[in-house]
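1 is the number of the first residue of the sequence shown in full-length UniProt numbering; add one for each residue after it. Have a look at the structure below, then the notes.
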Amino acid sequence: MKINFSKSVLLLLLMISCSKGGSNSSVTPPALTVLTIVDVKQARDNKLTTNFRFFINLDKTSTSAITVNYATLPGTAVAGTDYTAVSGSLTIPANQSVGYIDVPVTGDSLRQPDQTFFVQLSNPTNATISGTGKATGTIQNNGTYYPTDSAGYTSPLTYPGYTLVWNDEFNGSSINTNDWNFETGGNGWGNNELEYYTNSTNNAYISNGNLIIEARKETIGSNNYTSARMTTQNKKVFQYGRIDIRAKLPVAQGLWPALWMLGTNISTVGWPACGETDIMELIGKNPNQVVGSIHWALANTSSGTVNNSYTLSSGDFSQQFHVFSLIWKQNYVQILVDGIAYMTATDASINSGTWPFNAPAFLIFNVAVGGNWPGSPTAATTFPQRMFVDYIRVFQ
């Protein structure tokens, strides 16, 4: 058989040309899977070590196994104290859409600012990393242990002619709800206050023998602050005697801590006809001064006031504990700081309206934020702010 060589070469060239489709383009390989590591924000357990789980999401599955290196990096959290440093290589099997890395976080009951650490991804195979490949772990430190210096004035355990009828030394592990209520809400409380009062242990808790009421900068609804307002209404009510409250106060612009009483008949006669006795109020911009007051209804139903202030000779009310006291008799109210009387009122003090202070009353402890009297916090006002109450003792 005779073969025409020139025709064979031509046929071969035509076949090669057809196989290229008449184009010089090359086939584009499929895009690699993209790995995205997700931030974690989680509350720390008071005692137990718990895992913070960092998920790694894949934008699509891969037909091949993916590996990626990881390592923790410190932020404000300290490796070995707050969390266990981890590093290694993670394998995500073929056709799987997610992986994860666990970082152990050490249990701690200390109330302190939130802390951060990081997890960094690097050197992936069969994949690429989205962005910096760094995720933030935020440790929320909402523990209920917050120590404070106990220095300051202490009142006697007994008084001549008086018997201790009720006390709360706040030595338990939680607030005694047999004695205390929580009033909740953020309606301004008649004073254009800015906080939302909660019943959360974020805002009221027992620590180291103290009740702590904590005002925080956080948002609930339209309120940008939270705090607590505790009462003994319908649980512990008193008529006459001596009340001692040992407390250390928050002092900053926009803060308004108060220890006070309202008449038990408020639900029927309203305020101010029920009578209000302010054993202690502090306006944050006056850190060394407290005010003691009584309020009642004038004949025209507006409120009347008798009050006076007490100013420390040095320091302010956040530095040490002080004892705020009420001596209450028929037709007589006297308010004291550290055993020193500075405000006295009698029924003769009222030249309009009716003296309402011969009727039973209940206690209120709260820390308000903002309002008509203290004004709003400024950029210089730091949060959280705390009022510490060591004890309350009622003698009759």
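All residues carry an ideal CB built from backbone N, CA and C; glycine is no exception. Since we're looking at a predicted model, the values are computed, not measured.
With a Cβ-Cβ cutoff of 8 Å, do residue i and residue j count as a contact?
| i | j | result |
| --- | --- | --- |
| Asn288 | Cys274 | no |
| Thr154 | Phe395 | no |
| Thr49 | Val105 | yes |
| Val251 | Phe317 | yes |
| Tyr225 | Val369 | yes |
| Thr231 | Glu183 | yes |
| Asn141 | Leu90 | no |
| Phe362 | Leu262 | yes |
| Phe388 | Thr148 | yes |
| Ile212 | Tyr310 | no |
| Gly270 | Thr378 | no |
| Ile220 | Trp256 | no |
| Thr138 | Lys235 | no |
| Phe117 | Thr81 | no |
| Val237 | Pro360 | yes |
What is the DSSP secondary structure of residue i, reduced to helix, strand or coil?
| i | result |
| --- | --- |
| Ala299 | coil |
| Ala361 | strand |
| Ile243 | strand |
| Asp347 | helix |
| Ser267 | helix |
| Thr311 | strand |
| Leu255 | strand |
| Val86 | coil |
| Phe118 | strand |
| Gly22 | For Gly22, the predicted structure reports a pLDDT of 47, less than 50, and the residue's modelled location is therefore unreliable. The matter cannot be settled from this model. |
| residue 400 | In this structure the chain extends from 1 to 396, so residue 400 is not present and cannot be described. |
| Asp338 | coil |
| Gln112 | coil |
| Ile206 | strand |
| Pro74 | strand |
| Glu183 | coil |
| Asn223 | strand |
Compare the Cα-Cα distances from residue i to each of the options and report the closest residue.
| i | options | result |
| --- | --- | --- |
| Pro124 | Leu32, Leu164 and Val86 | Leu32 |
| Ser62 | Ile220, Val291, Ser130 and Val98 | Val98 |
| Arg229 | Gly270, Ser222, Ile243 and Asn187 | Asn187 |
| Glu193 | Arg216, Asn223 and Ile212 | Asn223 |
| Ser227 | Pro384, Val78, Thr344 and Asp59 | Pro384 |
| Asn171 | Gly209, Ser200, Ala204 and Asn141 | Gly209 |
| Leu298 | Lys41, Tyr391, Gly75 and Asn351 | Asn351 |
| Leu58 | Tyr100, Lys47 and Tyr70 | Tyr100 |
| Gly353 | Ala345, Thr344, Asn300 and Ser313 | Asn300 |
From the DSSP output, read off the bridge partner residues of residue i.
| i | result |
| --- | --- |
| Gly99 | Ile56 |
| Asn191 | None, per the DSSP bridge assignment. |
| Phe321 | Gly152 |
| Arg44 | Arg44 pairs with nothing; no bridge assigned. |
| Asn292 | Asn is not the amino acid found at residue 292; the sequence shown has Gly there. Its beta-bridge partners are Asn308. |
| Pro104 | Asn51 |
| Asp168 | Ile392 |
| Phe383 | DSSP output for Phe383 lists no bridge partner at all. |
| Asn366 | Arg229 and Ala258 |
| Glu218 | Paired residue(s): none; Glu218 is not in a bridge. |
| Phe138 | Before going on, a small fix: residue 138 reads as Thr here, not Phe. Beta-bridge pairing links Thr138 to Lys41 and Thr116. |
| Val34 | Thr128 |
Might you give, ordered along the chain, the residues of its own chain that have their beta carbon closer than 8 Å to the beta carbon of residue i, omitting 5 neighbours on each side?
| i | result |
| --- | --- |
| Thr128 | Leu32, Thr33, Val34 and Leu35 |
Looking only at its own chain, which residues have a Cβ that is under 7 Å from the Cβ of residue i, when we skip the five neighbours before and after it?
| i | result |
| --- | --- |
| Ile37 | Phe54, Ile56, Val119, Leu121, Gly133 and Ala135 |
| Leu259 | Ile245, Ala247, Ile279, Met280, Phe324 and Phe365 |
| Trp328 | Tyr240 and Gly241 |
| Lys60 | Thr33 |
| Gly21 | Its pLDDT being 49, under 50, Gly21 is placed unreliably in this model, and the value from its coordinates should be taken loosely. None. |
Can you list, in chain order, the residues of its chain whose CB lies under 6 Å from that of residue i, leaving out five sequence neighbours each side?
| i | result |
| --- | --- |
| Val165 | Val394 and Gln396 |
| Ser303 | Pro272 and His295 |
| Phe243 | Note that residue 243 is Ile in the sequence shown here, rather than Phe. Leu326 and Val394. |
| Asp347 | Asn331 and Trp355 |
| Arg216 | Thr226, Phe383 and Pro384 |
| Asn167 | Arg393 |
| Val290 | Met280, Leu282 and Tyr310 |
| Leu11 | Residue confidence for Leu11 is low, a pLDDT of 47 falling below 50, so the modelled location carries little weight; the figure read from the coordinates is stated next. Correct list: empty, nothing qualifies. |
| Trp180 | Met230 |
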